[in-house]
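Below: one structure, written as structure tokens.
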Amino acid sequence: MTGRQRLHSAVRFGRRALFGDRVGVVLFLASLCLFVTLWRTAFLINDSYTLANGLYAVARGDVMMTEAAYGPLRSPGATLNGGDVYSRNYGVLVLSLPLVYGLRLLDLVTDMRVALVALWSLLLFAAIVAAGRFSDRSRLVTSVGGVLVTVLFALNVWLARPFEQIPIHLLALQLFHMIAGAMLIVLVYRLAARRYDRRIAVLTALLVLLGTPLAFWASVPKRHVVTTAVAFGVAIALTDRRSADGDWAFESRAVGYLLIALLAWIHAPEALVMLVVFAPVDLWTAPDNGRRTLGTLAAVFAVALLPLFVTNTLLSGDPFTVPRMHPSVGELSDIAFDRSSGSGGSSDGGSQLPLFVVVALSIVRSALNPLETLFGLFQRGLVVSVTQPSDVFHTFVRSGFVQQVAERSGDAPAANLSLLESAPVLASAAAVVPTLRTALRRDDRWHTLRRSVAPSDLFLLLFGVSLTLVYISNLPLHAQVTVRYLFPTMPLLVYLIVRLPPVNSMLARHLRTVLWSGGAGVLIGGQFVLVALVALDVGRAEAFQFHAVLALAIAAPLAAWSVVTTLDDRLDRLGAVLFGLSTAATTIFVCFAAVEYYGLGHSHALPIVRVVAETLPLD
Amino acid sequence: MDRERATVWSVVGLVVATTLVSGPLVGAVDLTTEPDTDTLGSGSVTVGSPSLPAEATITAGRFGAGQYTLRVPDATVEITAVEGRPILAYRLSIPQRGYSRSTAHFLTARNAGTFSLSMADDSFDPSTVDRSEYSGAIEIVARANGSERVVANRTITVTVVE
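Note that the protein sequences, when read in sequence, are chains A and B. Whatever position you read off the first sequence (first residue = 1), add 561 for our numbering. Whatever position you read off the second sequence (first residue = 1), add 1 for our numbering.
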């Protein structure tokens, strides 16, 4: 092989491993392009200061935060140990380092604003050219795309204003999370493509991209999008080995544990929830649970946990105490674990016990402690769901005005949508009713059910439920925008809904109708929404509730359709239209939220978007 | 295929070249300079014939929003001369609520003529709105070179609309 050939095959292998195929590449580029379009280079949530300052410290080779490069040092989410202030999500900080170096390099040779515009233009052009390869007229697509991108680039540069100060560490964090968001779309596509043809797989990815508030959260340095991406990566690991007859069976299983261990480095509690669900599903459905296999898997998991242990040791001297176990700055809206007593193992163990027993005991105890807390949270979640149904209703169905939430948000306008209002397409989950009805009518019902629920489905379902149980007792909360704690459940649910046979067969037959109604919904419906909001002269809280009511107005018929879908095939076209419209409702909300409601002082990365935001009379 | 490749590389080349040429390393051209370099709040402004609204509203939230929204109509002034970048602030205070807010407008020479000053909406918790009417005061303040001058003021009735 010549060097060139070797390079080519390396590129092809990398593409397959990361994106699956060329469709995956197009989806990645297009998603990233959308996220950059809606990108605001400013702080949306206070605890992003914690991450930015943490990254600033890590980039200087320090785990402790000593200098407040952005905002206050003691921002929400920062943890205290003695008098020292530490950041959180160290995995994200370390993984964002290459981006910091890249941006610094870029800052040396370019004007950062022009560089961001160039990045966006190249992403858009790459997406257009890569998508054009699937058409018969790729030359035409390339030419038209080239002209379009050149014009947009020129227009953007013409409107560009310089940064007053370039928040390099924030930009790096946001870029990392946007890349994770784009990978999430690729992984959804790849998982769906394991079961269905490409068209359905692409549609599933589009439903997640445009039918959930992903585009809003992608540029916010929070864990939610990363956790979701990891969940889909793990689900793929659960799918591969069953189809491969032994080939790569062990490796893909190992990838699952590896991903969860790395997630623990970013957000240990959510990784624990994932592990608690993944391990039983994996062990139950694995082709081989031999002692050697399990031993190797445990070793892989332990090795992959090393970065977490190293970070913990640097922070507190104890490898098993994750940052979130330290006392935290400010009021706590995240789940937090009680301070573990696991580290005290050596003192009360006495000198009679051999050292390895003491170490083993301390490991067991530090593993049991978070588990105990986790199951306590599960239990509390269950109790709260039963005893406070109105809270659950506010979280899932209708947000409206909630006094306790408004009080905690202080003077800020109430801006919290429920899960269904954020993603009305989830109303189609009601199709589970006809699915079960059909399945249970059969004689071999249990066998059928067991065969048609894949391990990945089971994992995604259980993970969604567990995550909900963990957080539900604290919800509703302020500053959620779209119940962000439960964000991972939205893409999971969209995928699981597509897995339901009635929905699936409808999408396969009326794919075009879904796309057309979705496109028309965004382009035409978006204008109607704009006119309505301006004409009604809405305040901020009212604007949110307008979107909410609109979403519910589409969700209700969609839910009704989902229940009766199997009764009459002629209803399918109606279902397709409702699918498209509900996706459009979310897209419209996300665009308005990113451009207008949370313009963050017109800090849009793209000058064109900034000018649109300044022109619209809506803030 | 070759023509397509040429298109691709020329677009990419154009974008990259523009970015590099405008960067600090080459520095041939600066594409992102703001035209105004005057510091904000300096200079002077001459203002005449102000017209201020007599009524504002606090409206109950629609669509189940719950919160009340405060809306103040625009005020207009005739700006005859602007020098530098002075600030016109549009202010409202409601002593009965212990409340005040102001929206600043940054002027340039281009704003000469009739100029309307808007005030951003605000929202209130419903439990704090306990009257059907409040009386407040609005004023327009010109700020330049560290000093403030009240251009116009009047009392305003803030009506609560359920």
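Cβ atoms here follow ideal geometry from the backbone N, Cα and C, with glycine treated the same way. Remember, predicted model here, so these are calculated numbers, not experimental data.
Reducing DSSP to helix, strand and coil, say where residue i ends up.
i                   : result
Met-835 of chain A  : helix
Ala-982 of chain A  : One point to set straight first is that residue 982 of chain A is Glu, not Ala, in the sequence displayed. Helix.
Ala-113 of chain B  : coil
Asn-154 of chain B  : strand
Ala-603 of chain A  : coil
Ile-827 of chain A  : helix
Pro-51 of chain B   : strand
Gly-5 of chain B    : The amino acid at residue 5 of chain B is misidentified as Gly; the sequence shows Glu. In this structure, Glu-5 of chain B counts as helix in the three-state DSSP scheme.
Ser-136 of chain B  : strand
Ala-967 of chain A  : helix
His-1163 of chain A : coil
Ala-145 of chain B  : strand
Tyr-757 of chain A  : coil
Tyr-69 of chain B   : strand
Quick one: is residue i near chain A, going by C-beta distance under 7 angstroms?
i                  : result
Leu-124 of chain B : According to the sequence provided, residue 124 of chain B is Ser. The question's Leu does not apply to it. Yes, contact with chain A.
Leu-89 of chain B  : no
Glu-5 of chain B   : yes
Gly-62 of chain B  : yes
Thr-58 of chain B  : no
Val-16 of chain B  : yes
Leu-118 of chain B : no
Gly-28 of chain B  : no
Leu-32 of chain B  : yes
Ser-43 of chain B  : no
Gln-68 of chain B  : yes
Thr-77 of chain B  : no
Thr-81 of chain B  : no
Do you know offhand how far residue i's Cα is from residue j's?
i                   : j                   : result
Arg-601 of chain A  : Thr-857 of chain A  : 44 angstroms
Gly-906 of chain A  : Ile-761 of chain A  : Confidence in Gly-906 of chain A is poor, its pLDDT being 31 and thus under 50, which makes the residue's placement too unreliable to answer from.
Val-597 of chain A  : Ala-733 of chain A  : 13 angstroms
Tyr-1 of chain B    : Leu-731 of chain A  : Any question about residue 1 of chain B goes unanswered here, given that chain B covers just 2 to 163.
Gln-883 of chain A  : Leu-654 of chain A  : The residue asked about is misnamed: residue 883 of chain A is Val in this sequence, not Gln. Each residue's alpha carbon lies about 15 angstroms from the other.
Leu-932 of chain A  : Leu-820 of chain A  : 19 angstroms
Leu-752 of chain A  : Thr-1074 of chain A : 24 angstroms
Gly-1082 of chain A : Leu-768 of chain A  : 14 angstroms
Ala-1117 of chain A : Ala-988 of chain A  : 7 angstroms
Asp-123 of chain B  : Val-73 of chain B   : 9 angstroms
Gly-1087 of chain A : Val-572 of chain A  : 40 angstroms
Ala-691 of chain A  : Arg-583 of chain A  : 8 angstroms
Does residue i get closer than 7 angstroms to chain B when you measure Cβ to Cβ?
i                   : result
Ala-967 of chain A  : yes
Val-670 of chain A  : yes
Ala-692 of chain A  : no
Glu-982 of chain A  : no
Ser-557 of chain A  : No information on residue 557 of chain A is available, as it lies outside the stretch 562 to 1180 that chain A covers here.
Leu-732 of chain A  : no
Gly-632 of chain A  : no
Gly-1086 of chain A : no
Leu-684 of chain A  : no
Ile-896 of chain A  : Reliability of the predicted coordinates at Ile-896 of chain A is poor, the pLDDT of 38 falling under 50, and the value obtained from them is presented with this limitation in mind. So, not an interface residue.
Spatial neighbours of residue i within its chain, please: CB distance less than 7 angstroms, with the 5 preceding and 5 following residues excluded, ordered by chain position.
i                   : result
Pro-1178 of chain A : Val-1095
Asp-126 of chain B  : Gln-68
Ala-792 of chain A  : Met-835, Leu-1021, Phe-1024, Pro-1049 and Leu-1053
Val-861 of chain A  : Ala-815, Tyr-818 and Leu-819
Phe-724 of chain A  : Met-673 and Arg-674
Leu-1135 of chain A : Trp-1122
Let me see if you follow: with CB-CB separation under 7 angstroms, is residue i close to chain D or not?
i                 : result
Leu-93 of chain B : Protein chains A and B are contained in the structure displayed, whereas chain D is not.
Give me, in chain order, the residues of the same chain whose beta-carbon lies closer than 6 angstroms to that of residue i; leave out the 5 immediate sequence neighbours on both sides.
i                  : result
Asn-146 of chain B : Ser-43
Leu-893 of chain A : Confidence is the limiting factor: at Leu-893 of chain A the pLDDT is only 40, short of 50, which leaves the residue's position unreliable, though a coordinate-based value still follows. Nothing meets the Cβ criterion.
Tyr-651 of chain A : Thr-872
Gly-559 of chain A : Nothing can be reported for residue 559 of chain A, as the shown portion of chain A is limited to 562 through 1180.
Near residue i, which residues of its chain fall below 8 angstroms by C-beta distance, leaving aside the five closest residues on each side in sequence?
i                  : result
Ile-132 of chain B : Checking the sequence shown, residue 132 of chain B turns out to be Arg, not Ile. Excluding residues within five positions, the ones whose Cβ falls inside 8 angstroms are Gln-97 and Val-161.
Arg-665 of chain A : Ile-729
Quick one: does the C-beta of residue i sit closer than 6 angstroms to a heavy atom of the ligand SAH?
i                  : result
Ala-153 of chain B : This structure does not include the ligand SAH; it has no bound ligands of any sort.
- Item | the segment 1099–1111 of chain A in contact with the segment 61–75 of chain B per 3-pair CB rule at 8 angstroms | Contact holds: three or more Cβ-Cβ distances are below 8 angstroms.
- Item | the segment 1152–1167 of chain A / the segment 1131–1143 of chain A touching (three or more Cβ pairs under 8 angstroms) | Contact between the segment 1152–1167 of chain A and the segment 1131–1143 of chain A is absent: fewer than 3 CB-CB pairs across the two stretches fall below 8 angstroms.
- Query: Does the segment 938–956 of chain A come close enough to the segment 1028–1037 of chain A to have 3 or more Cβ pairs within less than 8 angstroms?
  - Reply: At 8 angstroms Cβ cutoff, the stretches touch.
- Examine the Cβ distances between the segment 579–594 of chain A and the segment 746–753 of chain A and report whether three or more of them are shorter than 8 angstroms. These segments touch.
- Query: Do three or more CB pairs link the segment 704–715 of chain A to the segment 615–632 of chain A at distances below 8 angstroms?
  - Reply: In the pairwise beta carbon analysis, the segment 704–715 of chain A is classified as not touching the segment 615–632 of chain A: fewer than three pairs are separated by under 8 angstroms.
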